[in-house]
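Number of protein chains: 2
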Amino acid sequence: MYKSVDATVMRQFNKRTVLHILYQRQETSRVSISSETGLNRATVSSLVDELIAEQFVQEIGLGTSHGGRKPILLRFNANAGYAIGIDLQITHIDTVLTNTRREVVYQNRRQIGTADQPLTPQTLRDVLAEEVHAAEAVCPQSPRGILGVGVALPGLVNYETGRVTYLPNLGITDWSIAPELSEMLQVPVAIDNDANCGAWEAFLSTGISNLLFINAGIGVGAGIILNGKLHRGRDGIAGEAGHTTISTMGVVCSCGNYGCWEQYSSEQALARYLQEQGAGPVDAFAPRFVDRCIEAAQAGNHAYIQSWRTLAEALGVGISNLLQILNPDYVYLGGTIAEAATIILPEIQRVIRHRAMSANKTVPVAVLPPQTVARGAAGLAIARAIDMLPTHAG
Amino acid sequence: MYKSVDATVMRQFNKRTVLHILYQRQETSRVSISSETGLNRATVSSLVDELIAEQFVQEIGLGTSHGGRKPILLRFNANAGYAIGIDLQITHIDTVLTNTRREVVYQNRRQIGTADQPLTPQTLRDVLAEEVHAAEAVCPQSPRGILGVGVALPGLVNYETGRVTYLPNLGITDWSIAPELSEMLQVPVAIDNDANCGAWEAFLSTGISNLLFINAGIGVGAGIILNGKLHRGRDGIAGEAGHTTISTMGVVCSCGNYGCWEQYSSEQALARYLQEQGAGPVDAFAPRFVDRCIEAAQAGNHAYIQSWRTLAEALGVGISNLLQILNPDYVYLGGTIAEAATIILPEIQRVIRHRAMSANKTVPVAVLPPQTVARGAAGLAIARAIDMLPTHAG
DNA sequence: GTATTTAATTTAACATACATACGAATAGAG
DNA sequence: CTCTATTCGTATGTATGTTAAATTAAATAC
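Set out below in structure tokens:
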């Protein structure tokens with residue numbers, strides 16, 4: 000069905016534009032919005048009035064004069080409501096409670112079952128419910144209350160239906176988690192792939208509308224933002240860059256193929272490199288594995304330094320490939336591997352300057368703080384609840 | 000600057016929607032457009048009246064009744080104007096003259112200098128001008144005449160400025176071809192990368208709004224259509240998939256790296272495979288090289304069959320990588336290598352079913368006819384001239 | 001204190017899509 | 001054949017929403 004535009008759609012579009020500006024700026028005024036958008040001052044006034052009535056926007060006093068009457072400063076009411084974001088990983092769960100601007104007001108990390116003894120879907124669901132309740136309990140009073148819950152999951156998920164297709168390392172398939180949780184908690188629940196959540200957070204916090212978020216941990220995945228929208232692809236499985244071939248005759252992968260990028264850039268790859276360096280038997284699933292590898296490298300252990308370097312080189316190759324194909328504005332690294340940023344970033348950048356062509360050599364690569372994925376999950380819930388904000392949809 | 004919408008923008012949007020429908024359908028009626036768009040019948044009438052006045056649309060008689068008055072059939076006036084599309088390759092130039100629906104009314108192929116003796120930019124410009132004049136000479140009379148010229152080029156080009164950055168195999172850098180030609184011919188001239196032109200043609204002719212066009216010839220490049228728009232990236236160099244690594248320790252590439260996809264999937268790769276198979280010294284730049292390789296394989300020559308198979312396998316690996324990253328609706332093959340479709344397609348599809356994950360195994364791969372790139376170049380010129388049609392812009 | 005400048009609101013004008021009504025044209029029932 | 005229901009297209013008036021201009025409000029500069 001083709002789209003058409005009438006007066007209401009037109010107003011909605013303009014209202015959304017005004018709210019977007021307010022969402023991104025710390026504070027601004029009606030005139031300023033008018034000159035930024037080209038909308039008439041009267042129109043801006045009328046739209047802002049509506050947004051104030053809906054509690055999304057507040058007047059917060061007067062600004063500095065530019066030679067005449069002082070402007071009335073407006074700001075996005077970040078505390079109009081709250082959302083809960085959860086980043087489910089193999090060994091632990093990160094939960095955050097944020098306001099509508101995704102500022103964290105509460106956070107929690109909880110260890111869960113080990114690799115040998117993964118939790119059942121039922122238990123996992125109950126654990127998630129507990130986490131949500133704990134966050135709800137500390138949620139401040141607000142006009143719109145809890146807007147929803149967003150859950151980031153490490154695997155193939157169907158964002159539309161809220162069903163999990165496959166979580167490789169948790170051994171879960173066909174799990175109707177979002178509807179179940181939503182029913183239990185009486186709150187809207189949205190789910191998405193963890194790399195997508197990270198990319199979404201990167202976009203919202205930077206405003207950069209063409210970027211990659213590389214989530215490297217147990218597995219490797221990419222979240223792709225193009226034109227300010229998440230690129231999901233035909234079946235919602237775009238971004239599975241961990242299973243692209245970087246070495247046709249390489250290491251065998253859990254997916255059955257040879258030479259997948261993930262086999263050279265993940266925690267398991269690090270463990271393998273360590274073993275090859277003679278650092279003794281290494282368990283990638285042991286608690287604080289990556290942290291200890293970082294510490295060992297920083298302490299000057301040669302095997303660890305060399306292993307990180309090998310891993311960084313592989314990460315650089317895969318990122319170069321993505322740069323060549325998509326030529327984005329920015330690349331962000333996330334996941335446990337990204338915690339080694341100071342060790343691996345220089346090597347990654349060296350490889351990119353070597354492998355990527357012309358302008359792709361200059362695409363910046365940076366690391367985002369921990370909790371990025373959880374905050375992105377909260378952002379997903381917010382985007383679902385307030386259609387005036389950037390839409391998470393592909 | 001943020002965008003805002005007023006009544007004129009609204010009407011323009013709706014008018015464009017109406018024209019898009021007419022562009023895609025063979026014929027349709029006002030009511031039909033109304034129910035397809037949700038626009039009121041009166042609104043559609045008013046918009047169609049404007050389009051008829053502008054010669055873009057014609058009434059072509061009455062349709063069949065559905066139990067009442069017969070609808071007046073409308074059709075996009077394909078012959079409202081014409082455009083010239085040129086596909087510049089290493090060994091020859093393909094020129095087409097098309098109407099606004101990119102239906103070819105004249106075509107020409109012209110051999111140019113060999114690899115040993117490439118033409119100078121000046122000579123090349125004059126040759127292009129000759130080709131344009133020849134096409135202009137046979138162009139039928141029409142209300143809007145020649146809308147413009149589009150040129151597809153094998154390399155890095157800046158679509159915005161009309162300047163060539165680098166054409167590797169022609170040894171040309173920093174060539175301000177579009178402005179020069181436009182000045183000479185007194186016609187708007189637009190240029191783009193050949194893979195982008197192919198992708199654009201694939202989109203326009205199929206209506207599939209998320210697709211890849213793989214142009215495999217002397218080099219390998221990809222045109223990427225996402226959401227009905229060409230994805231160009233930050234610097235306009237997205238789609239350089241030929242220089243992604245599929246084998247970290249592989250063959251050295253002209254770009255200086257090791258294991259680029261292009262080194263396994265291009266005409267040169269084919270030549271190398273043949274040499275490895277002991278088919279004697281082979282020159283990839285010899286006239287009709289690919290044609291002769293196809294004929295030899297069809298005649299049952301084992302070395303040629305085996306070489307094509309090795310090439311197809313490499314093509315499959317690279318395509319699988321793209322599928323994993325982008326999960327598009329469709330993949331189209333173009334360029335000289337695609338002429339061997341019957342030989343290589345089964346092998347490519349086998350590799351994809353093996354390498355790609357889950358739903359990516361089912362993404363269709365098909366071949367488009369010759370002239371696809373030239374027609375896409377004409378489409379580029381048309382898109383530039385008539386802003387009511389799908390915009391080629393990224 | 002007055003003039004000038006800037007901010008925000010009010011009012012009128014304008015553009016456009018929609019709802020409704022109506023005429024034209026047709027198929028199908030009787 | 002006639003009548004009725006239906007469909008297609010258009011004309012008219014209304015609703016919605018933006019803009020332009022006028023107005024009010026509030027600050028600065030001299």
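In the order they appear, the protein sequences are chains A and B.
Residues 0 to 393 (numbering that gives the first Met the number 0) are what the first sequence spells out, left to right.
Residues 0 to 393 (numbering that gives the first Met the number 0) are what the second sequence spells out, left to right.
Cβ atoms here follow ideal geometry from the backbone N, Cα and C, with glycine treated the same way.
Fair warning: this is a prediction, and the values are worked out from it, not measured in the lab.
A residue is called buried when at least 16 other Cβ atoms come within 10 angstroms of its Cβ; P142 (chain B) does not meet this threshold and is exposed. Contact of S306 (chain A) with chain B is not assigned, every C-beta pair being separated by 8 Å or more. When C-beta atoms of the segment 374–389 of chain A are compared with those of the segment 33–45 of chain A, fewer than three pairs fall below 8 Å, so the two segments do not count as touching. Annotation: I217 (chain B) to P187 (chain B) spans about 29 Å, alpha carbon to alpha carbon. I351 (chain B) has its alpha-carbon roughly 43 Å from the corresponding atom of L73 (chain B). Judged by DSSP in its simplified three-state form, K228 (chain B) adopts strand.
Counting only the Cα atoms, E266 (chain B) lies some 14 Å from S253 (chain B).
Just so you know, the alpha carbons of G299 (chain B) and R100 (chain B) end up roughly 41 Å apart. Counted as a single uninterrupted DSSP element, the stretch harbouring L314 (chain B) is not any beta strand (DSSP E) but the alpha helix (DSSP H) occupying residues 301–325. Going by beta carbons, I207 (chain B) and I190 (chain B) fall outside the 8 Å limit. Of A:I324, A:R287, A:Q276, the smallest CA-CA separation from I304 (chain A) is found for A:Q276. Annotation: the continuous alpha helix (DSSP H) that includes Y272 (chain B) extends over 266–275.
About 6 Å separates the beta carbon of A380 (chain B) from that of V148 (chain B), a gap short enough to meet the 8 Å contact definition.
A straight line joining the alpha-carbon of T27 (chain B) with that of F12 (chain B) spans about 19 Å. Pairwise C-beta distances place the segment 322–332 of chain A in contact with the segment 215–235 of chain B, as three or more of them are shorter than 8 Å. Using a Cβ-Cβ cut-off of 7 Å, P327 (chain B) is close to G232, R233 of chain A, given in chain order. For L166 (chain B), no alpha helix (DSSP H) run applies; the uninterrupted beta strand (DSSP E) run containing it begins and ends at 162–166, by DSSP. Each residue's CA atom was taken as its position, placing I336 (chain A) and A283 (chain A) some 12 Å apart.
No Cβ of chain B is located within less than 8 Å of the beta carbon of V219 (chain A). For the 8 Å CB-CB criterion, I236 (chain A) and N168 (chain A) do not form a contact. Among the CB atoms of chain B, none fall inside 8 Å of the CB of H65 (chain A). At a cut-off of 8 Å, the C-beta of V47 (chain B) has no neighbouring C-beta in chain A. Looking at the backbone, the Cα of G241 (chain A) and that of Q106 (chain A) are separated by about 29 Å.
Between Y331 (chain B) and A358 (chain B), the C-beta spacing is not below 8 Å. Here S3 (chain B) is buried: its Cβ has 16 or more other Cβ atoms, across all protein chains shown, within 10 Å. In this structure, the straight-line span from the alpha carbon of L225 (chain B) to that of E159 (chain B) is close to 19 Å. Chain A places a beta carbon closer than 8 Å to that of R354 (chain B), counting this residue as a contact.
Under the Cβ criterion of 8 Å, H242 (chain A) is counted among the residues facing chain B. Residue state for L388 (chain B) is assigned as coil, using DSSP reduced to three classes.
Every beta strand (DSSP E) of 3 residues or more that sits fully in the segment 57–96 of chain B is shown, in chain order, as 71–75, 81–87. The beta carbons of L96 (chain B) and A151 (chain B) sit no closer together than 8 Å.
In this structure, L211 (chain B) and A268 (chain B) do not form a Cβ contact; the two beta carbons are roughly 20 Å apart against a cut-off of 8 Å. With the rule of 3 Cβ pairs closer than 8 Å, the segment 114–130 of chain A does not count as touching the segment 48–63 of chain A. Residue state for V364 (chain B) is assigned as strand, using DSSP reduced to three classes.
Neighbours of G37 (chain B) in chain A, taken as residues whose beta carbon is under 7 Å from its own, are S3 in chain order.
Residue environment analysis places G197 (chain B) among the buried positions, since at least 16 neighbouring C-beta atoms fall within 10 angstroms of its C-beta.
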